[in-house]
Amino acid sequence: MRHGHWWRILPTAKSEKNLSHPNLPGFGVTAIDLTPNRPTAGGTFSAAVTVKNRGTAPGDAGTLALWVDQPGVPACGTAGDAAVAVGTLANGASRTLTFDGLPAGAAGAKLLRAFVDYTCVNTEAYDANNQRVKPYTVVP
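Here it is as structure tokens:
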């Protein structure tokens with residue numbers, strides 16, 4: 000956790016996203032979709048990444064970084080293979096950003112990783128959902 004006051008988030012029967020800290024955004028990567036689902040070795044593919052503000056206030060989600068094969072958790076500020084500014088999201092709002100022309104590389108199993116606010120500069124109600132991985136296979 001970076002800075003500011005942090006509040007414990009307790010799961011409820013209705014939702015595990017009960018962000019109770021007032022007036023803070025809470026950005027998370029909620030989905031990753033690949034096209035095609037199984038890229039061809041040496042080819043390219045696209046990734047559509049959805050970011051949602053689950054917090055109680057609007058805010059600038061910073062930059063979304065993406066790695067085409069990153070099994071380990073990158074440190075804050077580690078450059079990805081691609082990055083794009085997310086912009087401001089109202090509380091409850093989502094935005095889908097598409098990365099085109101990603102290199103598939105060699106055949107094999109891989110882990111695509113998306114990391115919103117990858118520079119770790121935003122104070123949020125909850126940081127644990129800022130990253131998401133998507134296993135995929137590059138076919139020969």
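Going by numbering that gives the first Met the number 0, the sequence shown opens with residue 0, and the numbers climb by one from there.
Note that the Cβ used here is the ideal one computed from N, Cα and C, for glycine as well.
*With respect to the beta strand (DSSP E) encompassing residue 73, which residues constitute its N-terminal and C-terminal limits?*
Where residue 73 is concerned, there is no enclosing beta strand (DSSP E), given that its DSSP letter is neither H nor E.
*How would you call residue 52, buried or exposed, if buried means at least 16 neighbouring beta carbons within 10 angstroms?*
buried
*Between the Cα of residue 85 and the Cα atoms of 28, 77, 125, which residue gives the shortest distance?*
28
*Skipping 5 residues on each side, what residues in its chain have a beta carbon closer than 8 Å to that of residue 40?*
103, 104, 105, 106, 137, 138, 139
*Would you mind giving the Cβ-Cβ distance between residue 58 and residue 121, rounded to the nearest angstrom? I have them listed as a contact below 8 Å.*
7 Å
*Straight-line CA distance for residue 14 to residue 111?*
In this predicted model, residue 14 has a pLDDT of only 37, less than 50, meaning its place in the structure is not dependable enough to derive any value.
*asked:* Which residue wins for smallest C-alpha separation from residue 83, given the options 44, 132, 116?
replied: 116
_DSSP three-state assignment for residue 38, whether helix, strand or coil_ = coil
*For residue 118, does the three-state DSSP call read helix, strand or coil?*
coil
*Can you tell me whether residue 42 is buried or exposed, with buried defined as 16 or more other CB within 10 angstroms of its CB?*
exposed
_Bounding residues of the beta strand (DSSP E) (the contiguous stretch that carries residue 101)_ = 93-102
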